[in-house]
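As structure tokens, the structure follows; a few thoughts come after it.
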Amino acid sequence: MELYRPVIIPQLIGLALGLFFSYLLGKKEKERLGHLEVSATIDDEYSMDITDEEKALRRPKLVILNVILIVVVIAIMISGLILPAASFMIGTAIALVLNYPNSEDQKIRINSHAETAKAFGVPVLDIARASIIGQITVGFPISPLTPSTFLLVGLAGVELGEHQKFSFKYLYAISVVIIASMLLMGVLNL
């Protein structure tokens with residue numbers, strides 16, 4: 773808990789600033805477009821067929837139960853009733869049994885993720901700190917190393933460079949505010 777609890781306030785500050793910038797950009801775009809009719813249809817160009825393997829992994833009937841499980845696990849982690857690692861492991865075990873009752877399916881899902889974590893050999897605490905600081909400073913939405921960035925620019929029909937030039941000033945401002953709040957709160961030491 774000592775790793776995550778101090779970062780909650782800076783995350784909320786960053787979230788508020790991100791929502792503020794989203795509001796400003798949305799208002800600016802609304803003025804630019806005027807009263808444009810928006811179609812709710814999706815072009816066939818962007819529709820995808822999913823494989824049978826991907827269909828087998830879907831759990832649409834369990835979405836609400838999974839959301840409840842996530843909220844409960846996070847609440848237990850924040851409350852400190854049990855160690856966060858234990859809370860996470862118990863939640864993971866429940867999620868596996870809930871979503872994949874067959875033990876062979878559970879083994880396949882675990883093994884599909886285990887190789888990535890094992891390959892790098894980086895200490896867990898270093899990964900946790902880098903993840904918390906790196907992800908909440910919102911640098912990932914413009915990183916060419918993030919697959920979702922390419923999905924975003926592809927669907928939006930813009931070049932990665934254009935996206936980076938436009939987004940950088942907003943993301944940098946949010947990052948500076950988050951890091952400053954972490955420094956002021958003593959969460960981050962120089």
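Residue numbering for the sequence shown follows this note's numbering, beginning at 773 and increasing consecutively. We put the beta carbon where it would ideally sit given N, CA and C, even for glycine.
Pro873 in three-state terms, based on DSSP: Three-state result, Pro873: coil.
Sequence-distant residues of the same chain with beta carbon closer than 8 Å to Tyr924, five excluded per side: Residue 924 is actually Leu in this sequence, not Tyr. Its chain contains Pro913, His935 as the residues whose beta carbon lies nearer than 8 Å to that of Leu924, once the 5 sequence neighbours on both sides are disregarded; these appear in chain order.
Reduced DSSP secondary structure (H/G/I, E/B, other) of Tyr776: Annotated three-state conformation of Tyr776 is coil, per DSSP.
Residue range of the alpha helix (DSSP H) that includes Val839: Val839: member of the alpha helix (DSSP H) spanning 835 to 851, first to last residue.
Assumed close pair Ala863, Leu837 - CB separation to whole angstroms, cut-off 8 Å: Going by the sequence as given, residue 863 is Gly instead of Ala. 12 Å between Cβ atoms; not a contact.
Extent of the continuous alpha helix (DSSP H) run through Ile951: Note, Ile951: alpha helix (DSSP H), 932 to 957.
Sub-8 Å separation of Ile946 and Gly806 beta-carbons: Their beta carbons are not under 8 Å apart, which means Ile946 does not touch Gly806 by this criterion.
Alpha-carbon spacing of Leu927 relative to Val959, whole angstroms: Each residue's alpha carbon lies about 37 Å from the other.
Distance between Lys941 and Leu955 (C-alpha atoms, nearest Å): Cα atoms of Leu955 and Lys941: separation of roughly 21 Å, rounded to the nearest angstrom.
C-beta contact flag for Leu870 and Leu829 at 8 Å: Cβ atoms of Leu870 and Leu829: not closer than 8 Å.
Contacting residues, own chain, Cβ-Cβ under 8 Å from Glu931 (five flanking each side not counted): Scanning its chain for C-beta atoms nearer than 8 Å, with the 5 sequence neighbours on each side dropped, one finds around Glu931 the residues Val925, in chain order.
Nearest-angstrom Cα separation, counted from Val779 out to Ile950: Distance between the alpha carbons of Ile950 and Val779: 9 Å.
Residue interval of the alpha helix (DSSP H) (run including Ser920): Here the alpha helix (DSSP H) through Ser920 covers 919 to 928.
Reduced DSSP secondary structure (H/G/I, E/B, other) of Ile854: Note: Ile854 maps to coil in three-state DSSP.
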